[in-house]
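Okay, so here's the structure we're looking at.
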Amino acid sequence: MTDYNAHPHSSEDGKLTIVHNGIIENSVELASKVSKLGYSLTSETDTEVIVHLLDHELKTQGEGKGHLDAFCSVISQLSGSWAIAAMASGLEGILISRKGAPLVIGRSRDSISVSSDVQPFYGACSEVAYMEDGDNLLLTKEGIVPPTDHETPVFEPLQGVYDEEDPGNFPHMMLKEIHDPNPNPPLKCS
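If you count the sequence shown from 1, you need to add 392 to reach the numbering used here.
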């Protein structure tokens, strides 16, 4: 792994930033398209292709179109699976998309958040909405904006309590999982 492949990826002018989990299966074809549009690819990751496509769409879309319209146009060009979050200068919100990868929206009295798992919302959010496959949304402080003729996800109360595991001598669970030998190996059938 190198710094230039690390997330987030930003547009050349720094006004657009994207994080992405998944695989864009047609990234080679899209990289060729992006290059023909005049963008320079500086990483080896498929995420960079998305940021350049969105940058181009935002700069060239028709009158009356907004960030969500541009985002949906770019998403329609992708093949594969993903959870994507994008932020743009001048946009009071986060653009999100889900296809084949989990994405959950958490809401509290004074905030709205997004994560690939419900676990981080325990203790921080009172409600969650599980995005449907194919959803493209704009999250704002005021709520969720779906594309025209699409439904807004339904929130449900966040039930239960997450009991955080003990990291032991490590500062957090990720380091424990990396460095601590598995104390309970899986059972083997012979």
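Yeah, the Cβ is synthetic: ideal placement off N, Cα and C, and Gly gets one too. A quick note: this is a predicted structure, and the numbers were derived from the prediction, not measured.
### Query
Ends of the alpha helix (DSSP H) at H424?
Note that residue 424 corresponds to Ser in the displayed sequence, not to His. Per DSSP, S424 belongs to the alpha helix (DSSP H) from S419 to K428.
### Task
Go ahead and pull the three-state DSSP assignment for S489.
In the structure shown, S489 sits in a strand (DSSP, three-state: E or B).
### Task
May I ask you to report which of helix, strand or coil DSSP gives L550?
coil
### Among A480, G560 and H401, nearest to D438 - alpha-carbon criterion
Taking only the C-alpha atoms, the option nearest D438 is H401.
### Helix, strand or coil at T452 according to DSSP, with G and I counted as helix
helix
### Query
Would A475 be called buried (16 or more neighbouring beta carbons within 10 Å of its own) or exposed?
buried
### Task
Report back the beta-carbon spacing between S403 and D447 to the nearest angstrom; my notes put them in contact at under 8 Å.
Contact holds; Cβ gap of about 4 Å.
### Message
Mapping the DSSP letters down to three states, classify V510 as helix, strand or coil.
### Response
coil
### Message
Using the three-state DSSP reduction, which class does H542 fall into: helix, strand or coil?
### Response
coil
### Message
Please report the distance separating the alpha-carbon of Y514 from that of S505.
### Response
12 Å
### Pairwise C-alpha distance: C464 and Y522
19 Å
### Query
How big is the Cα-Cα spacing for H532 and T544?
The question names His, but residue 532 is Thr in the sequence shown. Rounded to whole angstroms, T532 to T544 spans 13 Å at the Cα level.
### Query
Going by beta carbon distance, what residues of the same chain come within less than 8 Å of R499, once the five residues before and after it are set aside?
Cβ-Cβ distances below 8 Å link R499 to S505, C517, S518, E519, V520, A521 and F547 in the same chain, with the five nearest sequence neighbours on each side left out; the list follows chain order.
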